[in-house]
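Numbering (my numbering), first residue to last: 4 to 56.
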């Protein structure tokens with residue numbers, strides 16, 4: 004998993020992520036989410052995306 008882009012908004016950060024299989028998805032997380040928890044959440048979603056598609 005690799006974060007390839009992000010946009011910082013007023014309350015959220017929108018991440019654009021490439022999974023290990025090369026699929027790309029976007030996901031928004033609150034600015035209050037600390038970095039390690041954001042990475043864990045994005046990794047969990049990346050695994051789900053790789054399994055489902």
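All residues carry an ideal CB built from backbone N, CA and C; glycine is no exception. Note that the structure is a prediction, hence the values are computed from the model and not measured.
Status (buried if at least 16 other CB within 10 Å, exposed otherwise) for residue 38: Residue 38 is exposed by the Cβ-count criterion.
Residue burial classification, residue 22 (beta-carbon count within 10 angstroms, cutoff 16): That one is buried.
Assigned exposure category for residue 20 - 16 Cβ within 10 Å defines buried: By the neighbour-count definition (other C-beta atoms within 10 Å, threshold 16), residue 20 is a buried residue.
Residues near residue 18 in its chain [Cβ-Cβ closer than 8 Å; skip 5 each side]: The beta carbon of residue 18 is closer than 8 Å to those of 6, 8, 9, 29, 30, 31, 32, 41 and 45 in its chain, skipping five residues each way along the sequence.
Nearest to residue 11 (by Cα), restricted to the options 4, 26, 48 and 35: Ranking 4, 26, 48 and 35 by Cα distance to residue 11 puts 35 first.
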